[in-house]
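In UniProt numbering, the protein residues as written are 1 to 254. Don't be surprised by glycine CBs; every beta carbon is placed ideally from N, CA and C. Below: the structure, in structure tokens.
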């Protein structure tokens, strides 16, 4: 394997180990060209080699490509390549993408920050991202926030309360992701999720009950937790001896 990240798309390119700015600029330009190759395997190779031989000059190019790369596996390799670079350079540049109007730029930046795991990114995980209209962005924000939140009880409790407002959102997969993020917050998530089990919206109540089950049984399957939640709701809807649904007081007689 050549040391040049552009080898797959430009066989005569040379590696960048020289100290000059000109070398760095030239290398970044070659990487940008390689990452636009029509063959995804060539783009994958370019990203792989950029991560194998990291250089600060590559960071801007890798981040920019994350916003537009159509292939999932290449995007994962771009994230891996960024992880291999100096966080002192990478984190601030990736954080800039969180305000991009491009959905993929925001979601991939969040994914990359979750993998880097640098707490300096925490202040950039705003409520706007946690409640982003894009499910992909919101999902990535939940996971990233749960991983980067400071260890103080106040911070973790505030995040749990913010995440709990998203209970009932989206499809099965999105709800599973939110439950997992809440599970990362351990005990502080319990009270806010428990409160949501009494929400008037059935979807919220079901999701909250499933999450309560997962908090108590971290190794449980989300599908099984949802089934258990539905069972509880069905039982609560059955009339008790007084003729009222379980858990509700009987109507006062006139």
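For residue i, count the other beta carbons within 10 Å of its own beta carbon; 16 or more makes it buried, fewer makes it exposed. Which is it?
i	result
residue 218	exposed
residue 227	exposed
residue 201	exposed
residue 38	exposed
residue 216	exposed
Please state whether DSSP places residue i in a helix, a strand or coil.
i	result
residue 191	helix
residue 127	helix
residue 151	coil
residue 200	coil
residue 235	helix
residue 170	coil
residue 95	helix
residue 218	coil
residue 78	helix
residue 42	helix
residue 57	helix
residue 144	helix
residue 35	coil
Using the C-alpha atoms, what's the distance from residue j back to residue i?
i	j	result
residue 207	residue 167	6 angstroms
residue 237	residue 70	47 angstroms
residue 124	residue 80	21 angstroms
residue 188	residue 222	20 angstroms
residue 177	residue 151	21 angstroms
residue 185	residue 211	12 angstroms
residue 126	residue 118	16 angstroms
residue 61	residue 179	34 angstroms
residue 45	residue 55	16 angstroms
residue 31	residue 128	33 angstroms
residue 159	residue 195	15 angstroms
residue 33	residue 99	26 angstroms
residue 43	residue 173	29 angstroms
When every heavy atom of the ligand MN is checked, does at least one fall within less than 7 angstroms of the C-beta of residue i?
i	result
residue 73	The ligand MN is absent from the structure shown, which contains no ligand whatsoever.
Between the region 101-115 and the region 128-144, do three or more beta carbon pairs fall short of 8 angstroms? yes
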